[in-house]
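Visitor: In my numbering, the protein residues as written are 134 to 806.
1. Flag this pair as yes or no: are the beta carbons of residue 643 and residue 574 separated by less than 9 Å?
2. How many Å lie between residue 382 and residue 759 at the Cα?
3. Would you kindly work out how many angstroms separate the C-alpha atoms of residue 673 and residue 162, rounded to a whole number?
4. Are the beta-carbon atoms belonging to residue 181 and residue 360 less than 9 Å from one another?
5. CA-CA distance, residue 589 and residue 240?
6. Is it the case that the region 312 to 325 contacts the region 369 to 386, given that we only count it when at least three CB pairs across the two stretches are under 8 Å?
7. Does DSSP put residue 707 in a helix, in a strand, or in coil?
8. May I have the straight-line CA-CA distance separating residue 641 from residue 697, to the nearest angstrom?
9. Hey, out of 279, 150 and 166, whose CA is closest to residue 467's CA?
10. DSSP beta-bridge partners for residue 184?
11. Quick check: what's the CA-CA separation for residue 392 versus residue 427?
12. What did DSSP end up calling residue 463 once you bin it into helix, strand or coil?
13. Can you give me the Cβ contacts of residue 270 inside the same chain, cut-off strictly under 7 Å, excluding the 5 residues immediately before and after it?
14. Relative to the alpha-carbon of residue 243, which residue among 509, 254, 153 and 802 has its alpha-carbon at the smallest distance?
15. According to DSSP, what are the bridge partners of residue 745?
16. Check whether the Cβ atoms of residue 767 and residue 720 lie closer than 9 Å to each other.
17. By the DSSP assignment, the alpha helix (DSSP H) with residue 541 in it spans what residues?
18. Output the distance between the C-alpha atoms of residue 463 and residue 501, rounded to the nearest integer angstrom.
19. Assign residue 706 to buried or exposed, taking buried as 16 or more other Cβ atoms, counted over all protein chains shown, within 10 Å of its Cβ.
20. Going by alpha carbons, who is nearest to residue 362 out of 455, 321 and 702?
21. Please state the DSSP three-state secondary structure of residue 162.
22. Give a yes or no on whether the C-beta atoms belonging to residue 201 and residue 210 are separated by under 9 Å.
23. Excluding the five sequence neighbours on either side, which residues of its own chain have a C-beta within less than 6 Å of the C-beta of residue 304, listed in chain order?
24. Kindly indicate which residue of 365, 618 and 645 has the alpha-carbon position closest to the one of residue 571.
25. Hey, how far is the Cα of residue 293 from the Cα of residue 136?
26. Express the C-alpha separation of residue 582 and residue 597 in angstroms, rounding to a whole number.
27. On the three-pair Cβ rule with 8 Å, is the region 402 to 420 touching the region 487 to 506?
28. Let me check understanding here. Comparing Cα to Cα, which of 434, 436, 424 and 458 lies closest to residue 446?
29. Can you tell me the Cα-Cα spacing of residue 277 and residue 245, whole angstroms?
30. Only counting runs of 3 or more residues, tell me where the beta strand (DSSP E) segments fall wholly within the region 556 to 600, in order along the chain.
31. Hey, quick one: how far does the beta strand (DSSP E) through residue 391 stretch, first residue to last?
32. Mapping DSSP to helix, strand and coil, what is residue 176?
33. Is it true that the region 648 to 667 meets the region 558 to 566, where meeting means three or more beta-carbon pairs spaced less than 8 Å apart?
34. Please report the distance separating the alpha-carbon of residue 267 from that of residue 144.
35. For the alpha helix (DSSP H) containing residue 456, name the first residue and the last one.
36. Let me check understanding here. Comparing Cα to Cα, which of 578, 212 and 390 lies closest to residue 606?
Given below as structure tokens:
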């Protein structure tokens, strides 16, 4: 194998007309081998001949796309000092666009052997047969044009690609759980008809299954254990995962839908000090990971996953930015949801909303059209930072989630908090100059109960995870209405169904950006498991039979989304308070139709929210009592018509100015001009 000095300019494997340029940065390497593998994993290795500013590089004439490769990095191995170079380990290219092969949790994948006292000796067993290999990938071709949806019109649908398609009756068996399954016309037609604008896929980039899951014959279903920031997960494809991912994105775009990707840059699948060596640890451990001050052999674990990416290091910032640019401009993702996004803003002294990495992501010209959505918390000290992200970012708003849940559960003193969230959480975002879309409101997400389980279970039921039911949230703000789990009681089933619609209606009538969890639109259940990260089975997969058993529920969800789309008052682009400030107002009225007094917020659970702008008027009327009430409507010149209601009580389009509401119900009224 002939290797010439190449170029350090472009990291990874870059395909040219006459061969491939390879470049790998390491600030601690003394020598780097480039290793080629054939289909039987026979290895041919050669040293990269040149190094510039820590970038080892070489050009291989005649090399083409499809070539399997990896790196062996020579240098100091001293775990106590944070130095982990071990040339017995073939390492993934951090910039690899494609991976091939599985991961075997044998002893060969570790760089160290640890005794009972924590002392380490080097593990010299070769790992080449036990780890995935990088694959040279030619550049992607042109992409289908993407829809451009304004934030004010955006409705997000969080979706696990595998779980969404595994039991869908229209998806052929061979396509289920794969990128091809999401290209199915019936699948996309359903999402489109629901009124969704943007599918937010849970992680699709390559990950490994954690050791403790493999020992229990389980595997990682969610994907938050990333080992590569550019390559798709091989098992989501049928052989050519990158090509199949590109086809899927193009097909979703052709259906008029945006594609948002959940990315986990906060940690990697290499885990803590005793975890496997796959890539970053063996390339430059101290550069890629945060370590304890004065103890470079110990990782800071602000993620709860064993390691924390070192967002202060310029090379870490570079690879994250390069990954985002590639995913957005080359593959066509329209935006990103950043898992534990506060880690990307962490200095060694804590989080900063002006962290250079966050600002670079916000201002990068190549990412100017990309949506940026933060999960604004992590388990580390000072990790809760809702509202603290820079301009352009939207943020998952758990305060909205909890306010909707606690109010409809019937908690005392919850009305005032709900009012703030219906208004779009101006108390959190407006003072920082951020618009209502910054608040991504949701009732449920992948992490926690589904909507059906939220009204069916008061305790988590996670025994199938093999962790003695100690994992998952303890505080779910859920209610079972008299029976824990499934029941045939008609009265309980009626209130559960109504409460599901009440919460979705509150979500979709609130200012901000609504996000629905896939399956909540037809009553999908995980049987009380509120942490299904390891349930790559019928517990985690969506049960589409719910759509056939209660089609009217999905119709009601479609109607709610349609009303939001057709009613600009429900999705305003700036915060509105009183008519004295703008040409619109948000006003709050009690059950008697009078302006709500401050002392009423603590316990008043029947009220009206009046939203006005110009000649347009809408009223959101809520009864959170466990008994029926008559709500007197605000006295305005226009007559009201009921556009949506979860109450079964008859009404006369409010000609009398009074709206009767069932216990636990919500209605949307529009003013006829």
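Glycine included, each C-beta is placed from N, C-alpha and C at the ideal position.
No experiment lies behind these values; they were computed from the predicted model shown.
Guide: Quick answer:
1. For the purposes of this step, residue 643 is taken as the residue at position 510 of the chain shown. For the purposes of this step, residue 574 is taken as the residue at position 441 of the chain shown. Contact: yes.
2. Numbered from 1 along the chain shown, position 249 holds the residue referred to as residue 382. Numbered from 1 along the chain shown, position 626 holds the residue referred to as residue 759. So the alpha carbons of these two residues sit roughly 46 Å apart.
3. Counting from 1 along the chain shown, the entry for residue 673 is found at position 540. Counting from 1 along the chain shown, the entry for residue 162 is found at position 29. Residue 673 and residue 162: Cα-Cα distance of roughly 43 Å.
4. Sequence index remark: in the chain shown, residue 181 carries index 48 (1-based). Sequence index remark: in the chain shown, residue 360 carries index 227 (1-based). No, the pair does not count as a contact, with Cβ atoms beyond the cut-off.
5. In the chain shown, the residue the question calls residue 589 occupies position 456. In the chain shown, the residue the question calls residue 240 occupies position 107. So the alpha carbons of these two residues sit roughly 44 Å apart.
6. yes
7. Translated into the one-based positions of the chain shown, residue 707 becomes position 574. Residue state, collapsed to three classes: coil.
8. Along the chain shown, read from residue 1 onward, the residue named residue 641 stands at position 508. Along the chain shown, read from residue 1 onward, the residue named residue 697 stands at position 564. Going by the C-alpha atoms only, they are around 7 Å apart.
9. Translated into the one-based positions of the chain shown, residue 467 becomes position 334. The shortest C-alpha separation from residue 467 is found at 279.
10. In the chain shown, the residue the question calls residue 184 occupies position 51. For residue 184, which the question treats as bridged, DSSP gives the partners 189.
11. Indexing the chain shown from 1 puts residue 392 at position 259. Indexing the chain shown from 1 puts residue 427 at position 294. Answer to the nearest angstrom: the Cα atoms are 43 Å apart.
12. The count along the chain shown starts at 1 and reaches residue 463 at position 330. In the structure shown, residue 463 sits in a helix (DSSP, three-state: H, G or I).
13. Here residue 270 refers to the residue found at position 137 of the chain shown. Counting only Cβ-Cβ distances below 7 Å, and skipping sequence neighbours, we find 198, 230, 231 and 375.
14. Within the chain shown, numbered from 1, the residue matching residue 243 stands at position 110. If we check each option's Cα against that of residue 243, 254 comes out closest.
15. Against the chain shown, residue 745 aligns to sequence position 612. In DSSP, residue 745 forms a bridge with 718 and 750.
16. As a position in the chain shown, residue 767 is number 634, starting the count at 1. As a position in the chain shown, residue 720 is number 587, starting the count at 1. Yes.
17. As a first step, residue 541 is located in the chain shown; it is residue number 408 there, counting from the start. 531 to 542 is the extent of the alpha helix (DSSP H) around residue 541.
18. As a first step, residue 463 is located in the chain shown; it is residue number 330 there, counting from the start. As a first step, residue 501 is located in the chain shown; it is residue number 368 there, counting from the start. Roughly 14 Å separates the two Cα atoms.
19. One-based indexing of the chain shown puts residue 706 at position 573. Per the 10 Å Cβ criterion, exposed.
20. Looking up residue 362 in the chain shown gives position 229. Nearest of 455, 321 and 702 to residue 362, Cα basis: 455.
21. On the chain shown, residue 162 is found 29 positions in, with the first residue counted as 1. Looking at residue 162 - three-state DSSP - the assignment turns out to be coil, as it is neither helix nor strand.
22. The count along the chain shown starts at 1 and reaches residue 201 at position 68. The count along the chain shown starts at 1 and reaches residue 210 at position 77. Contact flag unset, no.
23. On the chain shown, position 171 is the one that residue 304 refers to. Counting only Cβ-Cβ distances below 6 Å, and skipping sequence neighbours, we find 298, 314 and 317.
24. On the chain shown, position 438 is the one that residue 571 refers to. Here the closest residue by C-alpha is 645.
25. Mapped onto the chain shown, residue 293 falls at position 160. Mapped onto the chain shown, residue 136 falls at position 3. Those two C-alpha atoms are separated by around 43 Å.
26. On the chain shown, position 464 is the one that residue 597 refers to. On the chain shown, position 449 is the one that residue 582 refers to. Between residue 597 and residue 582, the C-alpha separation is close to 15 Å.
27. no
28. Counting from one through the chain shown, the residue named residue 446 turns up at place 313. Checking every option, the nearest Cα to that of residue 446 belongs to 424.
29. Within the chain shown, the letter at position 144 stands for residue 277. Within the chain shown, the letter at position 112 stands for residue 245. Each residue's alpha carbon lies about 47 Å from the other.
30. 572 to 575
31. For this step, residue 391 is matched to residue 258 along the chain shown. First-last of the beta strand (DSSP E) with residue 391: 391 to 396.
32. As a working mapping, residue 176 is identified with position 43 in the chain shown. Residue 176 falls in the strand class under three-state DSSP.
33. no
34. As a first step, residue 267 is located in the chain shown; it is residue number 134 there, counting from the start. As a first step, residue 144 is located in the chain shown; it is residue number 11 there, counting from the start. Each residue's alpha carbon lies about 14 Å from the other.
35. Residue numbering aside, residue 456 sits at position 323 when the chain shown is read from its first letter. Where residue 456 is concerned, the enclosing alpha helix (DSSP H) stretches over 447 to 458.
36. Mapped onto the chain shown, residue 606 falls at position 473. The residue with the shortest Cα to Cα distance from residue 606 is 578.
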